[in-house]
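Comments concern the structure below.
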């Protein structure tokens, strides 16, 4: 799994904050699920957040997400019950992944969901894994989260196409508050500086990019790339972000782990 989680905090009142996170677990299947030390770390990480986006769930039985939820809700220190919503298996041909959102039921509810259909005229099949769009409602504000895990070689096209998703969802739900987040592969050789002019989500000044281009969202000493991003739309939502809260949580360092302890078999596929 990636050894960092990306998060930011919203402040709706002077007394309440709300943390939203994204986590590419990488090949999250029964192999990782069977490792208690790995699951314990995942439970700790998810428990830090009020909404957690999980990417790269690779199991067609549903067992891994059920096991994770059981462990989350059986913690003695858990005050809030966690619930989840998960996409269908998405991808071309035989390679499939799922998006999932885990959230605290006492703090947030799901208003609606929408599996984006990648069939627009003249530009069909732009996404390897179409966004699984979820409209959330807190006690103070509603917002839409559009997740995306791009294919690295198609990152420019897929990130640009998120603008079309935004227009589609905005027309469908009549809302202004949007959060785009996930593993965009939005840096280095996949999205060079000269390519940004081709990405409408970037050139349109209505969108706020919380992770700057010079931030390293990897843990490898050999790379320094801002692959993972958080992008917001909506004045009230943007103004609710706690300054400086958009950051990476390096849980390997925080929990004193080695990469070998948290890595799983990347080639494992549950059947």
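In mature numbering (1 follows the signal peptide of the UniProt record, and there is no 0), the protein residues as written are -15 to -1, 1 to 256.
All C-beta atoms in this analysis are idealised placements derived from N, C-alpha and C, irrespective of residue type, glycine included.
As the structure is a prediction and not an experimental result, all values here were calculated from the model.
Per DSSP, reduced to three states, the secondary structure at residue 27 is helical.
Straight-line spacing of the CA atoms in residue 73 and residue 7 works out to 18 Å. Annotation: the continuous alpha helix (DSSP H) that includes residue 236 extends over 236 to 239. According to DSSP, residue pairing for residue 85 in a beta bridge involves 39, 71. Here residue 213 is buried, its C-beta having at least 16 other C-beta atoms within 10 Å.
According to DSSP, residue pairing for residue 168 in a beta bridge involves 213.
Considering only 91, 25, 215, 199, the residue with the shortest C-alpha distance to residue 209 is 199. In this structure residue 9 touches residue 41 by the C-beta definition: roughly 5 Å separates them, less than 8 Å.
Nearest in C-alpha terms to residue 5, of all of 227, 237, 236, 146, is 227. By the Cβ criterion, the segment 81 to 93 is in contact with the segment 24 to 39, since at least three pairs of Cβ atoms, one from each stretch, lie closer than 8 Å.
Contact between residue 139 and residue 113 holds: CB atoms are separated by about 7 Å, below the 8 Å threshold. Note on residue 115: 16 or more other CB atoms within 10 angstroms of its CB, so buried under the neighbour-count rule. DSSP places residue 223 within a helical segment (H, G or I) once states are collapsed to three. Of -9, 231, 153, 192, the smallest CA-CA separation from residue 105 is found for 153. Apart from the 5 residues on each side of it in sequence, residue 136 sits with its Cβ closer than 6 Å to the Cβ of 113 in its chain, given in chain order. Taken through DSSP and simplified to helix, strand or coil, residue 58 comes out as helix.
Burial of residue 211 is indicated by the presence of at least 16 other C-beta atoms within 10 angstroms of its C-beta. The bridge partners DSSP lists for residue 132 are 166. Three or more Cβ pairs drawn from the segment 127 to 135 and the segment 159 to 174 lie within less than 8 Å of each other, which places the two stretches in contact.
For residue 183, the three-state secondary structure derived from DSSP is helix.
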